[in-house]
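The structure appears right after this line, and notes come after that.
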Amino acid sequence: CSEEVDEGRVYRASFFVPASALPGNVISAIAVYFMRRNWWMAISMFLSTGSIFLLYFVHSEAYTVVILCVFTFFSTPAWNDSSLLIAELYPTHLRTTAMGVHFLMVRVGAIFGTNLFGEFIRVNPSIPILTVATVLCIGGCLSLGIPKTTRKTLLG
Numbered sequence: 075c076s077e078e079v080d081e082g083r084v085y086r087a088s089f090f091v092p093a094s095a096l097p098g099n100v101i102s103a104i105a106v107y108f109m110r111r112n113w114w115m116a117i118s119m120f121l122s123t124g125s126i127f128l129l130y131f132v133h134s135e136a137y138t139v140v141i142l143c144v145f146t147f148f149s150t151p152a153w154n155d156s157s158l159l160i161a162e163l164y165p166t167h168l169r170t171t172a173m174g175v176h177f178l179m180v181r182v183g184a185i186f187g188t189n190l191f192g193e194f195i196r197v198n199p200s201i202p203i204l205t206v207a208t209v210l211c212i213g214g215c216l217s218l219g220i221p222k223t224t225r226k227t228l229l230g
């Protein structure tokens, strides 16, 4: 690389994208008490799907950072709700195991996803975008089928 990299831009981008999760965290913490958790998760996943498609219209580095901030803002409530839903779907004596398996699968998926996306980008840059959009859309649809277990006694 013969281009000089502006380190300030890199650090600003690496600050703004994670910082955009903060409003999503606050909103999701409040919204889960007013909406069913599975609906809130589905809305978050569908909005995340829509924001993914905005990447096709990116023509500069600044717009890329903005789109990533929008995606992070919309996807954060889904991550928060997944932890809540896992805890609520299982009886008390199985919750810690369910959470452990959930987070294990998240780590394994992150490892495979990083490697697969690197390979997909070599083939065609649209493949990772369409893959993420498809998985989010399927997840949003499936989350609508999660039963309401808030304030219910689970036997098992």
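Each residue of the sequence shown is one higher than the one before, counting from 75 in the working numbering.
We put the beta carbon where it would ideally sit given N, CA and C, even for glycine.
Item, Value
"Taking DSSP as the reference, what is the three-state secondary structure of R110?", "coil"
"State the DSSP-derived secondary structure class of D80, mapped to helix, strand or coil.", "coil"
"Does DSSP classify V180 as helix, strand or coil?", "helix"
"Could you check which residue in L168, D155, V139 and F191 has the C-alpha nearest to that of R110?", "D155"
"Taking E162 as the reference, which of F145, A105, T223 and M179 has the closest Cα?", "T223"
"Can E145 and G98 be called in contact, C-beta distance under 8 Å?", "Correcting the residue type first, residue 145 is Phe in the shown sequence and not Glu. No; because the gap between Cβ atoms is not below 8 Å, this pair is not in contact."
"Roughly how many angstroms lie between the CA atoms of V137 and F90, to the nearest whole one?", "Sequence inspection shows Tyr at residue 137; the Val mentioned does not correspond to that position. Taking the straight line joining both Cα atoms gives about 12 Å."
"Closer than 7 Å by C-beta to V132: which residues in its own chain qualify, once you throw out the five before and the five after it? Chain order, please.", "T138 and I141"
"Relative to the C-alpha of V175, which candidate in H167, I160, I185 and G187 has its C-alpha closest?", "I160"
"Please report the distance separating the alpha-carbon of F120 from that of N189.", "25 Å"
"Quick one: give me the first and last residue of the alpha helix (DSSP H) that F148 is part of.", "E135 to L163"
"Quick one: Cα of F186 to Cα of N112, how far?", "26 Å"
"Identify whether V209 lies in helix, strand or coil by the three-state DSSP scheme.", "helix"
"Could you tell me which of A103, R86 and A152 sits nearest to N216, measuring between CA atoms?", "Reading off the sequence shown, one finds Leu at residue 216, where the question assumed Asn. For L216, the nearest C-alpha among the options comes from A152."
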